[in-house]
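To start, the structure itself, in structure tokens.
Numbering (my numbering), first residue to last: 193 to 445.
In structure tokens, the structure reads:
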């Protein structure tokens, strides 16, 4: 992600922190990511594009030994540092990936990071940067926009979310195409741009970075939850979700 792309998020820390309580994130998206991450006891984990640091805190709660959060948006990092300090978390937050971090982590997690690569070269460089942080056998877990997201800008609006491609009628799933993202719930709202990447492009970038085959994990509803949306819409959403969890392992060498 470039500094320019990151600048979209400088003032959105409070909204992002609150979004953890939005039903589709609380009951579907976040449990799906944490389920793929699994047991982190004794693991060293880097949260790439950590934002407010909420995943970094949850990862620490899962027993991770060392947690580092990386982000280019200083507004997000400042918020993340304050939250971690106030809640007593031993988490390091950095704004640069220095050489001493390379090959030091068992897991790298990247939530909504791949969609902010604005070109294929940026996508390749981003995946390479993440892979370099991993030990051989370490895992990269990401949450990108689903390559088969629904192109109707109103489809996800019951969740407070809209994806609007520049040309939704003719090219909603075009590699490198801009997606205008809108978020709204109650009095909170935000808008920013992301970029679409197909399954093939994501897999090719990860393969070029030295990662093994990509496993795609569908979002699933957490047991015992009842998201506050119409049941018919919930079924339609789970059949055509906005995002997907990917997992790939750094090969030896």
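Glycine included, C-beta positions come from ideal geometry on N, C-alpha and C.
What you are looking at is a predicted structure, and each value in this text was computed from that prediction instead of being measured.
- If you look at residue 333, you'll find it in the beta strand (DSSP E) that goes 326-335.
- Annotation for residue 275: the continuous alpha helix (DSSP H) segment containing it runs 266-278.
- Here DSSP, grouped into helix, strand and coil, assigns residue 376 to strand.
- The Cβ atoms of residue 228 and residue 437 lie closer than 7 Å to each other.
- Inclusion of residue 303 and residue 247 in the CB contact set at 7 Å is warranted, their separation being smaller than that value.
- The residue from 280, 430 and 254 with its alpha-carbon nearest to that of residue 411 is 430.
- DSSP, read as helix, strand or coil, puts residue 390 in coil.
- Looking at the DSSP output, residue 323 bridges to nothing.
- Counting along the chain, no beta strand (DSSP E) covers residue 347, and no H or E run does either.
- Note that the C-beta distance between residue 333 and residue 439 is below 7 Å.
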